[in-house]
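A.B. asks: Residue numbers (the numbering used here): 8 to 578.
Each residue gets a CB set at the ideal place from its N, CA and C atoms; glycine is no exception.
I have a structure I would like to understand better, so I am pasting it below and will then ask my questions one at a time.
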């Protein structure tokens, strides 16, 4: 499972690049419409972006998926998308009723319009597939060497060529299999619609649950860009902006949570902080609450309690699902171009259905979140910000000088040599590291990290808020300059397994005392050299309370955990 999460992490990151275009698309479309500024060319500009989302996804996903974001990957994504869609159109079987009774020229136009509309239903999935091919082929073939007489077409120039050939395969699948694909999309749409309240609740719940791994973007794409059809516009988000009165159900439920619920959670955390610490954490919590209210960016808040109180996060996920159901039962339809914040609420107020009902629902959610969080924090003595035993040194990542911020993050992440992949989505760094054991969590938090997540042995996510992408660029620049190394760790003398009183359960999970050649203690980890790594039972080790395992080399495993757990393992 962790290997799957590591593989999917770049996809979740790549999807955010084209999605970042949606706010400007929604802004232009709404401002230009008759109920606002009534400027036709501005509205047409926004509609152009919505009408070509497939192409934008092909470009954005390819760029985000490529190991260094090179333009050759973007070009490959475009080539694959154009070949897939245009060649696919020629293979479509057009119903006999299309163009019947029209003259030759009119019939040709009707057939062309039908084909364009048919392929447009699948433009976002085709765009994502084309982007993955463009980015994946760039990673695989950008350094390929061809014979001397074909050398001009080698390296990065080869990537768009082979991506175009892959586009032919997609064209065959789309063109020949369109009736089945279309029927599948229709079945999905009808199934979701038929699920009613349960479907809405499940979507809201899973959206928050999958946030933990960053894979919620994949789920969102199905509902926001594929499900349903209204005059050729597919997906809840695109149908909302196209004027579909039934669209918005899969977005409306986020508004009470993001504009009212989570800001109330911040207030509860602030009120529960120790009196002498409130001033120190007040600025941070106010900033997080205001960001959630205005823009709908919530991850920094959620990561402040996600791992500290998992049960509280489950309640938050359930309340999100309930909000989806409540807003739908009240007939409220709201939409957004970016997220469920005040900016989108005001901008799209004129297109919404019963938008004022958000206020009473939101006030109820404010009271619910404030009451639940206040009770849980005090009842279970949760160490939320301002209640820790010792005040952590937490800086604002945005306040660190950009010239030194990238280098500081690179050092905290183990230096240039430890960073295999560097990327970011809306609010978090998405990294692949060689060794989790050399990542300095305390230093990352001191630089402003709101949360740190390890989906697999090498995947690392650092929650920073909206500045994540800028920080990722600064880290890349710092590592490109070279010379960034991790701070030297205090030397720890290796301890023979025979002289360390490891618990029998730990020895058994490591394959027995005979399989353990050496053990050395480091900050928040034990380094174990093994005779036969195949004899290690990873699940059993994690069952002893470890945070995770890292395998920097074949015969070495790092046991990652806090000081208490590691001390217990050593007996």
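Verify whether the separation of the beta carbon atoms of residue 237 and residue 256 is less than 9 Å.
C.D. replies: To locate residue 237, count along the chain shown from 1; it is residue 230. To locate residue 256, count along the chain shown from 1; it is residue 249. No, the Cβ-Cβ distance between residue 237 and residue 256 is not below 9 Å.
A.B. asks: Tell me where the alpha helix (DSSP H) around residue 133 begins and ends.
C.D. replies: Here residue 133 refers to the residue found at position 126 of the chain shown. Start and end: 130-148.
A.B. asks: Determine whether the beta carbon atoms of residue 334 and residue 300 lie at a separation below 9 Å.
C.D. replies: Position 327 of the chain shown, counting from 1, holds the residue named residue 334. Position 293 of the chain shown, counting from 1, holds the residue named residue 300. No, Cβ-Cβ distance for residue 334 and residue 300 is not below 9 Å.
A.B. asks: On the three-state DSSP scale, how would you describe residue 310?
C.D. replies: The residue labelled residue 310 in the question sits at position 303 within the chain shown. In the structure shown, residue 310 sits in coil (DSSP, three-state: anything other than H, G, I, E or B).
A.B. asks: State the Cα-Cα distance for the pair residue 311 and residue 435, rounded to the nearest angstrom.
C.D. replies: As a first step, residue 311 is located in the chain shown; it is residue number 304 there, counting from the start. As a first step, residue 435 is located in the chain shown; it is residue number 428 there, counting from the start. C-alpha separation (whole angstroms): 14 Å.
A.B. asks: What residue from 326, 287, 223 and 383 has the CA that sits closest to residue 262's CA?
C.D. replies: Counted from its first residue, the chain shown places residue 262 at position 255. When only C-alpha atoms are compared, the closest one is 326.
A.B. asks: What residues match up with residue 529 in a beta bridge as DSSP calls it?
C.D. replies: Taking the chain shown and counting its residues from 1, the one referred to as residue 529 is at position 522. Its beta-bridge partners are 532.
A.B. asks: Measuring only the C-alpha atoms, how far is residue 36 from residue 54?
C.D. replies: Numbered from its first residue, the chain shown carries residue 36 at position 29. Numbered from its first residue, the chain shown carries residue 54 at position 47. Taking the straight line joining both Cα atoms gives about 6 Å.
A.B. asks: If the criterion is Cβ atoms closer than 9 Å, does the pair residue 470 and residue 454 meet it?
C.D. replies: Walking along the chain shown from the start, residue 470 turns up at place 463. Walking along the chain shown from the start, residue 454 turns up at place 447. The answer is no: Cβ separation not under 9 Å.
A.B. asks: Give the straight-line distance between the Cα atoms of residue 72 and residue 356, rounded to the nearest whole angstrom.
C.D. replies: Counting from 1 along the chain shown, the entry for residue 72 is found at position 65. Counting from 1 along the chain shown, the entry for residue 356 is found at position 349. So the alpha carbons of these two residues sit roughly 35 Å apart.
A.B. asks: According to DSSP, simplified to helix, strand and coil, what is residue 54?
C.D. replies: Numbered from its first residue, the chain shown carries residue 54 at position 47. Note: residue 54 maps to helix in three-state DSSP.
A.B. asks: Could you tell me the distance, in whole angstroms, from the CA atom of residue 152 to the CA atom of residue 145?
C.D. replies: Position 145 of the chain shown, counted from the first residue, corresponds to residue 152. Position 138 of the chain shown, counted from the first residue, corresponds to residue 145. Cα to Cα, residue 152 sits roughly 13 Å from residue 145.
A.B. asks: Apart from the five residues on each side of it in sequence, which residues of its chain come closer than 8 Å, Cβ to Cβ, to residue 174?
C.D. replies: Translated into the one-based positions of the chain shown, residue 174 becomes position 167. Here the set comprises 86, 87, 88, 89, 90, 91, 94, 137 and 140.
A.B. asks: Need the endpoints of the alpha helix (DSSP H) that residue 576 sits in, please.
C.D. replies: Residue numbering aside, residue 576 sits at position 569 when the chain shown is read from its first letter. Unbroken alpha helix (DSSP H) run through residue 576: 570-576.
A.B. asks: Cα separation between residue 571 and residue 215?
C.D. replies: In the chain shown, counting from the first residue as 1, residue 571 sits at position 564. In the chain shown, counting from the first residue as 1, residue 215 sits at position 208. Distance between the alpha carbons of residue 571 and residue 215: 31 Å.
A.B. asks: Which whole-angstrom value describes the C-beta separation of residue 2 and residue 259, a residue pair presumed to lie in contact below a C-beta threshold of 8 Å?
C.D. replies: What the structure shows of the chain is the stretch from 8 to 578, and residue 2 is not part of that stretch, so it cannot be assessed.
A.B. asks: What is the rounded straight-line gap between the Cα of residue 487 and the Cα of residue 479?
C.D. replies: Numbered from its first residue, the chain shown carries residue 487 at position 480. Numbered from its first residue, the chain shown carries residue 479 at position 472. Approximately 12 Å, taken between the alpha carbons.
A.B. asks: Check whether the stretch 27-36 touches the stretch 101-117, counting contact only when three or more Cβ pairs, one atom from each stretch, lie closer than 8 Å.
C.D. replies: Not touching, per the Cβ criterion.
A.B. asks: Between residue 468 and residue 23, what straight-line distance do the alpha-carbon atoms span, to the nearest angstrom?
C.D. replies: By one-based count along the chain shown, residue 468 stands at place 461. By one-based count along the chain shown, residue 23 stands at place 16. Answer to the nearest angstrom: the Cα atoms are 15 Å apart.
A.B. asks: Can you give me the Cβ contacts of residue 506 inside the same chain, cut-off strictly under 7 Å, excluding the 5 residues immediately before and after it?
C.D. replies: Along the chain shown, read from residue 1 onward, the residue named residue 506 stands at position 499. Below a pLDDT of 50, predicted positions are generally treated as unreliable, and residue 506, at 48, falls in that range; the measurement from the model is reported next regardless. Result list for residue 506: empty, nothing under 7 Å.
A.B. asks: For residue 392 and residue 288, I'd like the C-alpha separation in whole angstroms.
C.D. replies: Here residue 392 corresponds to residue number 385 of the chain shown, with the count starting at 1. Here residue 288 corresponds to residue number 281 of the chain shown, with the count starting at 1. Roughly 7 Å between the two C-alpha positions.
A.B. asks: DSSP beta-bridge partners for residue 237?
C.D. replies: In the chain shown, residue 237 corresponds to position 230, counting from 1. DSSP output for residue 237 lists 240 as bridge partner(s).
A.B. asks: Between the Cα of residue 337 and the Cα atoms of 349, 344, 351 and 365, which residue gives the shortest distance?
C.D. replies: Taking the first residue of the chain shown as 1, we reach residue 337 at position 330. Of 349, 344, 351 and 365, the residue nearest in Cα terms is 365.
A.B. asks: Please classify residue 532 as buried or exposed, where buried requires at least 16 other C-beta atoms within 10 Å of its C-beta.
C.D. replies: Here residue 532 is taken as the residue at index 525 of the chain shown, counted from 1. By the 10 Å Cβ count, residue 532 comes out buried.
A.B. asks: So is residue 504 buried or exposed if we call it buried at 16+ other beta carbons inside 10 Å?
C.D. replies: Taking the first residue of the chain shown as position 1, residue 504 is located at position 497. Low confidence applies here, because residue 504 scores a pLDDT of 39, under 50, leaving its location unreliable and the question unanswered by this model.
A.B. asks: Is DSSP giving residue 398 helix, strand or coil here?
C.D. replies: What you label residue 398 is simply residue 391 of the chain shown in a count that begins at 1. Low confidence applies here, because residue 398 scores a pLDDT of 43, under 50, leaving its location unreliable; read the following figure in that light. Residue 398: coil per DSSP, three-state reduction.
A.B. asks: Cα-Cα, which of 171, 388, 164 and 243 is closest to residue 196?
C.D. replies: Taking the first residue of the chain shown as 1, we reach residue 196 at position 189. Selected option, being the one with the closest Cα: 243.
A.B. asks: For residue 444 and residue 547, what's the separation of their Cα atoms in angstroms?
C.D. replies: For the purposes of this step, residue 444 is taken as the residue at position 437 of the chain shown. For the purposes of this step, residue 547 is taken as the residue at position 540 of the chain shown. Near 19 Å, if we compare the C-alpha coordinates of residue 547 and residue 444.
A.B. asks: The beta strand (DSSP E) spanning residue 565 covers which residue range?
C.D. replies: Within the chain shown, the letter at position 558 stands for residue 565. Unbroken beta strand (DSSP E) run through residue 565: 563-567.
A.B. asks: Between which two residues does the alpha helix (DSSP H) harbouring residue 82 extend?
C.D. replies: Start at 1 with the first residue of the chain shown, and residue 82 comes out as number 75. Unbroken alpha helix (DSSP H) run through residue 82: 78-98.
A.B. asks: My parser needs the alpha helix (DSSP H) runs of 4 or more residues fully inside the stretch 338-372; what are they?
C.D. replies: As far as the stretch 338-372 is concerned, its whole alpha helix (DSSP H) runs of at least 4 residues are 349-354.
A.B. asks: Taking DSSP as the reference, what is the three-state secondary structure of residue 46?
C.D. replies: For this step, residue 46 is matched to residue 39 along the chain shown. Residue state, collapsed to three classes: coil.
A.B. asks: Three-state secondary structure (DSSP) at residue 465?
C.D. replies: Reading the chain shown from its first residue, position 458 is the one you call residue 465. It is coil, neither helix nor strand.
A.B. asks: Please name the residue or residues paired with residue 431 in a DSSP beta bridge.
C.D. replies: Mapped onto the chain shown, residue 431 falls at position 424. Residue 431 is bridged to 436.
A.B. asks: With DSSP as the reference, label residue 557 as helix, strand or coil.
C.D. replies: The residue you call residue 557 lines up with position 550 of the chain shown. Residue 557 falls in the strand class under three-state DSSP.
A.B. asks: With residue 464 and residue 556 assumed to form a contact (beta carbons below 8 Å), what rounded beta-carbon distance in angstroms separates them?
C.D. replies: Locating residue 464 in the chain shown gives position 457, where the first residue counts as 1. Locating residue 556 in the chain shown gives position 549, where the first residue counts as 1. The pair is a contact, with the Cβ atoms about 6 Å apart (cut-off 8 Å).
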